[in-house]
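2 protein chains.
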Amino acid sequence: MAKTEDLRPFGNPGSDDFRVEAYPFYLINRLANRYNAAIEPELRAIGIDIPTWRVLMILGEHEPVAIGQIAKSAVINLSTMMRIVERMADAGHVTTMPSAQDGRVTEVGLTDQGRATLTHARRVTAPLYDRIIKGFSARDFARTLELLNRLHDNLD
Amino acid sequence: MAKTEDLRPFGNPGSDDFRVEAYPFYLINRLANRYNAAIEPELRAIGIDIPTWRVLMILGEHEPVAIGQIAKSAVINLSTMMRIVERMADAGHVTTMPSAQDGRVTEVGLTDQGRATLTHARRVTAPLYDRIIKGFSARDFARTLELLNRLHDNLD
DNA sequence: TCAAACCACTTGCAAATGCAACCATTATAT
DNA sequence: ATATAATGGTTGCATTTGCAAGTGGTTTGA
Chain Z
63 MAKTEDLRPF GNPGSDDFRV EAYPFYLINR LANRYNAAIE PELRAIGIDI
113 PTWRVLMILG EHEPVAIGQI AKSAVINLST MMRIVERMAD AGHVTTMPSA
163 QDGRVTEVGL TDQGRATLTH ARRVTAPLYD RIIKGFSARD FARTLELLNR
213 LHDNLD
Chain X
63 MAKTEDLRPF GNPGSDDFRV EAYPFYLINR LANRYNAAIE PELRAIGIDI
113 PTWRVLMILG EHEPVAIGQI AKSAVINLST MMRIVERMAD AGHVTTMPSA
163 QDGRVTEVGL TDQGRATLTH ARRVTAPLYD RIIKGFSARD FARTLELLNR
213 LHDNLD
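Protein chains in written order, with our numbering: chain Z, 63 to 218; chain X, 63 to 218.
If you want it as structure tokens, here you go:
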């Protein structure tokens, strides 16, 4: 049985053998970009953009959430998240109000329209999901989630 | 021996069981953002930004490359890539010249300074690489690359 | 108790991004 | 040969992003 070659040195930017195709973060950025490019037209067709979709997903889990919490969950700059929420409020997807417990905090909640848009967005993104995980067994899928989480955790 | 539960339905935006933590592209975007946030200060310290680092890596493989090819490799909008290359040319990292074979094409090549910066950038990003793949066996690593490539290929 | 430090936002501003319209060159089809 | 289409790049412009410098509320430590 052939042992697989150890590819780790090829992904090391400090190594002379460095190959960009073995650098996980080149691949991850490329994949994120490609996915975003694929999903953006679907979302645009229903009148939202990618940051809006991300925030809707987060609020769909649990609600209301402080604006800073949303920024942390999505790993998006707080001031950028400010503007995203602002846009979403203007479009009627969310409402904001100061927290009763802590006057510094702004809580963001979904409106009925926001919930409807979320449902709609889920429906239009589902076919793309099917396409992406094509050929992934339950085990492949579980491994993918596990590896992504391990990489994430290694970044603190 | 316990069978692992099939998590695929939880990652399906169209499913009622949808959980954002099982949605691969939420995780991938989050990971890409976190990685970029971690590496940006390292690169800034040597006077470059993230797009510049990506282009330097690509040119480090092979050179010169048409500007449109670079954009495709990195999955970055052509007009955005135009401006990135422009900035890099202004900073003295690359030179551009029309292709001899095809008058439409602009080829981009590294300058000596660009090569020096690439070497420098590799050195400063290597420690972060070590941190990220901590705990990854050769097999884990190979699987990570394989899964990322499969997801990528499923997007065409 | 009351300043000092901290925290969660908020906003001004300059830079980066990307759509759309454009130009020049090359390929394709009569 | 020549019109037409396709390709590769460039640029104008409006939007988005994010650093830096606030603002005001909350906690901490004399």
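Ideal placement from N, C-alpha and C gives every residue a C-beta, glycine not left out.
Check, Outcome
"Going by Cα to Cα distance, which pick from X:Gln175, X:Ser161, X:Asp164, X:Ala84 is closest to Met150 (chain X)?", "X:Gln175"
"Between which two residues does the beta strand (DSSP E) harbouring Gly171 (chain X) extend?", "168 to 172"
"Just confirm the distance between the C-beta atoms of Leu69 (chain X) and Leu207 (chain Z), as a whole number of angstroms; I'd bet it's less than 8 Å.", "6 Å"
"Unbroken beta strand (DSSP E) runs of length 3 or more, entirely within the stretch 155 to 215 of chain Z: which are they?", "156 to 160, 168 to 172"
"Roughly how many angstroms separate the alpha carbons of Leu213 (chain X) and Ala162 (chain Z), rounded to a whole number?", "44 Å"
"Distance check for Ala204 (chain Z) and Ser77 (chain Z), CA to CA, integer angstroms please.", "31 Å"
"Between the stretch 113 to 131 of chain Z and chain X, which residues of the former have a C-beta closer than 9 Å to a C-beta of the latter?", "Arg116, Met119, Ile120, Gly122, Glu123"
"Cβ closer than 9 Å: which chain Z residues qualify as neighbours of Thr66 (chain X)?", "Ala200, Arg201, Ala204"
"Under 7 Å: does the beta carbon of Leu213 (chain X) sit that close to some heavy atom of the ligand HEM?", "Here there are no bound small molecules, and the ligand HEM is not part of this structure."
"Nearest to Thr168 (chain X) by CA position, among X:Ala178, X:Ala128, X:Leu118, is which residue?", "X:Ala128"
"How far does the alpha helix (DSSP H) with Tyr85 (chain X) in it reach, from first residue to last?", "Where Tyr85 (chain X) is concerned, there is no enclosing alpha helix (DSSP H), given that its DSSP letter is neither H nor E."
"Kindly give me the distance between the Cβ atoms of Leu140 (chain X) and Arg96 (chain Z), rounded to whole angstroms, as I take these residues to be in contact under 8 Å.", "15 Å between Cβ atoms; not a contact."
"CB Gln98 (chain Z) to CB Ile112 (chain Z), shorter than 8 Å?", "Here the sequence assigns Asn to residue 98 (chain Z), which means Gln is not the residue at that position. For Asn98 (chain Z) and Ile112 (chain Z), yes; Cβs fall inside 8 Å."
"Figure out for me which residue from Z:Ala84, Z:Phe80, Z:Gly122, Z:Ile195 has the closest Cα to the Cα of Arg177 (chain Z).", "Z:Gly122"
"Identify each residue in the stretch 172 to 196 of chain Z for which the Cβ-Cβ distance to at least one residue of chain X is less than 7 Å, and report them in chain order.", "Arg184, Arg185, Thr187, Ala188, Tyr191, Arg193, Ile194, Ile195, Lys196"
"CA-CA distance, Ile138 (chain Z) and Arg201 (chain X)?", "32 Å"
"With a threshold of 16 other CB atoms inside 10 Å of the CB of Met119 (chain X), please say whether the residue is buried or exposed.", "buried"
"Report the neighbours of Gly109 (chain Z) on chain X: residues whose CB is nearer than 8 Å to its CB, in chain order.", "Neighbours of Gly109 (chain Z) on chain X: none; closest Cβ ~17 Å, over 8 Å."
"Helix, strand or coil for Val137 (chain X), going by three-state DSSP, please let me know.", "coil"
"Leaving out five residues before and five after Thr173 (chain Z) in sequence, what residues of the same chain have Cβ atoms less than 8 Å from its Cβ?", "Gly154, His155, Val156, Thr157"
"Going by DSSP, what residue range makes up the alpha helix (DSSP H) through Arg70 (chain Z)?", "It is not in any alpha helix (DSSP H) - Arg70 (chain Z) carries neither H nor E in the DSSP assignment."
"Please list the partners that Ile138 (chain Z) has in chain X, where partner means a Cβ-to-Cβ separation under 8 Å.", "Asn95"
"Three-state secondary structure (DSSP) at Ala107 (chain X)?", "helix"
"Please list, in chain order, all residues of the same chain as Pro126 (chain X) whose beta carbon is under 6 Å from its beta carbon, the five residues on each side excluded.", "Glu169, Val170, Gly171"
"Does the separation of the CB atoms of Ala94 (chain Z) and Asn211 (chain X) fall below 8 Å?", "no"
"Helix, strand or coil: which one does DSSP assign to Ala153 (chain Z)?", "coil"
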